[in-house]
Ligand code: SF4
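Residue numbers (our numbering), protein chains in the order written: chain A, 361 to 737; chain B, 398 to 475.
Given below as structure tokens:
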């Protein structure tokens, strides 16, 4: 397919690698080492899968950020969902969440013991469950970033239109820019640039990163998920760093508009309002989440079931928080590939297919498994 | 989780929903976020929703740029 293959051109990768090397030499001459964060889990996967870290000069590091919504779902949220499942309600969820450890168990474990945890591929699947099981309460586990918010929340409108009174959502929606602001101001992390997410940006627009650039900011590049997209973003960031510039560049302008998708923004504004939100391993970030507005309280699982979400107890050995903040690489976690593997994950970063630990496990640990751009033409 | 590949809009149904396809595989998608979508458009589909229309002119420009970079790399013997 042209719109995929065109972004996997191995020869262009060579040209970009040469530009990276040149930028690296300029950084070396200035005695600078730079760290760029790829915020989004799909970028993390592309970087690991195509071996992009191997193409970077030593003075340029790519670190993974908190951009996998499954990985940043708080333990307490999983615990609340598990409680609802055990009470006999039907849980509808996207797939990866079922294996994420709560304080004591996972949704997969309670499902094996008889609870109904149904994997759906779109929120409409949850609506169908509600229609097919009128005597049951269906709770949709609504997690995700800006990209998933509208699909996730749309079922509230459908439920209202259809007069379904047995469907609620348990919201843990998260916003990317407040997380970037929190990470960018953490003195222990020291970031020199962001590879901004692709499809989150399709919704919020490239201009959402304007506050991060400029004289006291860092360069921001919006990039797609194909290997050349990511490599080109790394080149842009490295060249800006070598020039001492901090500009916003939208390299994914084939999809992302400066102002984003206004229709989606209007739906979000109608149904949702800002709230403080806990991020696994990072803590509560003020105004970094979205919850249902009061007018839709009837569809809010927290209100219908009188839930009180408490902070959970993540596995004591799991360092997902440090991984999500880019402070350590997965291999620096003592449990990596020892106590913690994709079949027996201790933390969500190893569960989700886009988690940093899973990406490292699959592609970096097994060097031979990494694809290169040459193979994919 | 936010991964989505471009799919062609093959059909717009009476209820306003769409059918999108890629290499023979098809999927139903909600078009409410892309009110301007027309048949033949390439859509970015995520969790059952088309979230944006691919700007093929911009995509073609970028592909051409990468091809040109590739040729120059070849000529430079990289
Ligand atoms: S390797 Fe496992 S235990 Fe360590 S941070 Fe990753 S998910 Fe947590």
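Just so it is clear, CB atoms sit at the ideal spot from N, CA and C, and this is done for glycine as well.
**Item:** beta-carbon residue 483(A) near the ligand SF4 non-hydrogen atom, thresh 6 Å
**Value:** no
**Message:** Quick check: does the Cβ of residue 814(A) come within less than 6 Å of any heavy atom belonging to the ligand SF4?
**Reply:** No statement about residue 814(A) is possible, as the shown extent of chain A runs from 361 to 737 and does not include it.
**Message:** Taking a contact to mean a Cβ-Cβ separation below 7 Å, would you say residue 420(A) touches residue 391(A) in this structure?
**Reply:** no
**Asked** What is the rounded straight-line gap between the Cα of residue 414(A) and the Cα of residue 425(A)?
**Response** 19 Å
**Prompt:** residue 645(A) to residue 638(A), Cα distance in whole Å?
**Reply:** 6 Å
**Prompt:** Near residue 460(A), what residues of its chain come up, given a Cβ to Cβ distance below 7 Å and the 5 sequence neighbours on each side ignored?
**Reply:** 430, 433, 438, 466, 708 and 711
**Message:** Any beta carbon from chain B within less than 7 Å of residue 561(A)'s own beta carbon?
**Reply:** no
**Request:** State yes or no: is the C-beta of residue 519(A) within less than 7 Å of the C-beta of residue 467(B)?
**Result:** no
**Asked** With 7 Å set as the bound, which would you pick, yes or no: does the beta-carbon of residue 455(B) sit closer than that to a beta-carbon of chain A?
**Response** yes
**Message:** From the DSSP secondary-structure annotation, give me the bridge partner or partners of residue 403(B).
**Reply:** 441(B)
**Asked** Roughly how many whole angstroms lie between the Cα atoms of residue 440(A) and residue 527(A)?
**Response** 16 Å
**Prompt:** Rounded to a whole number of angstroms, what is the C-alpha to C-alpha distance between residue 469(B) and residue 412(A)?
**Reply:** 21 Å
**Request:** Could you run through the segment 419-443 of chain A and flag, in chain order, every residue whose CB is less than 7 Å away from some CB of chain B?
**Result:** 428, 429 and 430
**Message:** Does residue 611(A) pass the burial test, meaning 16 or more other C-beta atoms within 10 Å, or should it be called exposed?
**Reply:** buried
**Prompt:** Can you tell me the Cα-Cα spacing of residue 550(A) and residue 683(A), whole angstroms?
**Reply:** 14 Å
**Request:** Work out the CA separation of residue 581(A) and residue 382(A) for me, nearest whole Å.
**Result:** 19 Å
**Item:** Residues sharing a beta bridge with residue 650(A), DSSP
**Value:** 533(A) and 634(A)
**Asked** Taking all protein chains shown into account, do 16 or more other C-beta atoms lie within 10 angstroms of the C-beta of residue 482(A), making it buried, or fewer, making it exposed?
**Response** buried
**Request:** For residue 329(A), go through chain B and note every residue whose CB falls closer than 8 Å to its CB, in chain order.
**Result:** Outside the shown range of chain A (361 to 737) lies residue 329(A), about which nothing can therefore be said.
**Message:** Nearer than 6 Å: is that true of the beta carbon of residue 702(A) relative to any heavy atom of the ligand SF4?
**Reply:** no
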